[in-house]
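Worksheet for the structure shown next.
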Amino acid sequence: MKGFLITLFRVHNIKKFDATREDPDDLISIGTIGLIKAINTFNMDKGTKLATYAARCIENEILMFLRASKKNRSEVSLYDPIGTDKEGNEITLMDVLGTGPEAISEMVENFFEERRLLEKVKKLNKRERKVLELRYGLFGSLKRTQREIARYLGISRSYVSRIEKRAIKKLLKELSEG
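According to our numbering, the sequence shown is numbered sequentially starting from 4.
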């Protein structure tokens, strides 16, 4: 009976899950777990055939497995295959990025440092924020000289310099405190 159910499952249900890209052998293993659970929990008094009940249990077990594996897919290794090249060789994310793990780690670190800095910049007053934004090209603006900023804001270059120094001092204090 068990062999029959597994054969039935393979023929009928495996095709349902072709699009999942999961290894069919893994799905059969998970389905077997569902079959075992079906046999252990089957109640003849309910008026359902074992094959019908088992098919439902097998399918549910596979669906739970697919949901769980879908959640885990958010983590990606740099060495996971993402496709194949013209010769049929596997291509990894590392191949596409063309850089080592240290450089990628540094890029990620810089990204988070930049986000942290931008959060602190938002705490400055409007004029300090505008001077730093224009001076260092923050928030997508172009980098400008103090003289250009002075003309743009209608203030002296020396005042722009003082605002910039004061803003940087505030940022350094904010960053050192956390």
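Every residue gets a Cβ at the ideal spot worked out from N, C-alpha and C, and that includes glycine.
A contact is defined here as three or more CB-CB pairs under 8 Å, and the region 36-50 fails this definition with respect to the region 81-90. Straight-line spacing of the CA atoms in I158 and S108 works out to 42 Å. Per DSSP, the unbroken beta strand (DSSP E) holding I85 starts and ends at 84-87.
Residue state for T51 is assigned as coil, using DSSP reduced to three classes.
By the C-beta density criterion, V124 is buried, having at least 16 other C-beta atoms within 10 angstroms. Taking C-beta atoms as the reference points, I152 and L137 count as a pair closer than 7 Å. Apart from sequence neighbours up to five positions away, the residues of its chain that approach L121 with a beta-carbon distance below 8 Å are L141, F142, ordered along the chain. In this structure, R160 and R150 form a Cβ contact; the two beta carbons are roughly 5 Å apart against a cut-off of 8 Å. Restricting attention to T51, R70, L38, the CA atom closest to the CA of A57 is found in L38.
The C-alpha of M97 is placed about 23 Å away from the C-alpha of S72. Under the 10 Å beta carbon count, L135 is surrounded by 16 or more other beta carbons and is classified as buried.
With 16 or more other Cβ atoms from the protein chains shown falling within 10 Å of its own Cβ, F68 counts as buried. In the DSSP assignment, I166 falls within the alpha helix (DSSP H) that extends over 160-180. If you draw a 10 Å sphere on the C-beta of E64, you find 16 or more other C-beta atoms in it, and that means buried.
One thing to note: E116 has its Cβ no nearer than 7 Å to the Cβ of A170. The beta carbon of R119 sits closer than 8 Å to the beta carbons of L178 from its chain, once the five residues preceding and following it are set aside; these are given in chain order.
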